[in-house]
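In this text, residue positions in the sequence shown follow this note's numbering: the first is 675, and each later residue adds one.
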Amino acid sequence: MHFVEAKGILSAKNGMNLYRGCTHGCIYCDSRSSCYQFTHPFEDIEVKRNAPELLEKALRSKRKKCMIGTGAMCDPYMHCEEELGLTRRCLEIIERYEFGLAIQTKSNRILRDLPLLKRINEKAKCVVQMTLTTYDEDLCRILEPNVCTTKERARALEIFRDNGIPTVVWLSPILPYINDTKENIEGILQYCVRARVHGIICFGMGMTLREGDREYYYAALDKHFPGLKERYQRRYGHAYEVPSDRGGELMELFCRTCRQHGILSDVEECFAYLNQFPERYEQMGLFS
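This is the structure in structure tokens:
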């Protein structure tokens, strides 16, 4: 880790990244891409140590309550969070100022903060977003080696369900020739159905690759799936979008399952739900 003093913490759309980099080791991670201009190794975590102070200052000055997002680029519950508690300190500030929270992770470390997330949800709104990509546990340990498996994440979703906290799943990325199978998608969807998730965000069956990310991914293919890199190169060249050849049938399965179980599946509607602050709290503010 290395520590920095950040100049600001909230983006124009009220999102924040408390860390830069990640130790989860997912072989497909887009955040490794050169366009994000990391000046240090990706596993050398940049810690914005003044994030809580910046967040409190930002929330204190806001005239209207809103949802605060975190986890879109770097996971707020990677390994160093156990020692630093930076995410927890920021959640405490969000709860104290009665803002909403949309938090994204693929780690069940988030359960550490369950009581705090419940209080945020009682005062305003809390949505937990969990990434699920790979139903097979052995394959999951290859693709996402340094974080809990999909089965453990699915159990976390059920715990949030039992505690009245809504959840949204990111079904992404789906890697061509690796986990783009009917069995994989059916397995993940059944986890979602059992957990009664509110929505599933899926941009299509496939992935994206660009400079920085592509090289790391191809090295992982050479290590774990010999010969598959060459197949990617023949099929996709240097394309940014890397769609699965099975995308049509898998998306049909995805949409049909969501319709049958009343799960939100339209991407724009899912994002609208994540960004929508409860109207009753806005109305209370008018008369307080």
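Backbone N, C-alpha and C define an ideal beta-carbon position, used for all residues, glycine too.
How many angstroms separate the CA atom of E926 from the CA atom of S735? It is roughly 46 Å from the alpha-carbon of E926 to the alpha-carbon of S735.
For K797, I'd like the list of residues in its chain whose CB is within less than 7 Å of its CB, leaving aside the five on either flank, ordered along the chain.
-> E769, E772
Which residues in the same chain as F877 place their Cβ atom closer than 8 Å to its Cβ, once the five residues preceding and following it in sequence are excluded? Non-local beta-carbon contacts of F877 in its own chain, meaning distances under 8 Å to residues more than five positions away in sequence, involve S846, V941 in chain order.
*asked:* How far does the alpha helix (DSSP H) with V867 in it extend, from its first residue to its last?
replied: 856 to 869
message = Looking at the strands, I want to know which residues DSSP matches up with I742.
response = L775
Sort out for me which residues DSSP pairs T805 with in a bridge.
W844
> By Cβ distance below 8 Å, which residues in the same chain neighbour S707 in space, the five residues on each side in sequence not counted?
Replying inline: R884, E885, G886, D887
- Message: Taking only three categories from DSSP, how would you classify K722?
- Response: strand
Exercise for the section: Hey, could you find the ends of the beta strand (DSSP E) M881 is sitting in? Expected result: Residues 880 to 882.
Cβ pair count under 8 Å reaching 3, the segment 912 to 929 against the segment 843 to 862: Because the criterion of three Cβ pairs below 8 Å is met, the segment 912 to 929 and the segment 843 to 862 touch.
Report task. Take N782 as the anchor and find which of E857, A828, N858, I719 has the nearest alpha-carbon. Result -> Out of E857, A828, N858, I719, A828 has the C-alpha closest to the C-alpha of N782.
- Message: Using only the alpha-carbon positions, how far apart do K731 and C696 sit?
- Response: 26 Å
query: Any idea what DSSP makes of R920, helix, strand or coil?
result: coil
Check: Roughly how far, in whole angstroms, is the beta-carbon of G689 from the beta-carbon of A746, given that I think they are within contact range, below 8 Å?
Finding: The Cβ separation is near 6 Å, so the contact holds.
Would you decide whether S685 is buried or exposed? Buried here means 16 or more other CB atoms lie within 10 Å of its CB. exposed
Exercise. Would you mind giving the Cβ-Cβ distance between F951 and G774, rounded to the nearest angstrom? I have them listed as a contact below 8 Å.
Key: 5 Å
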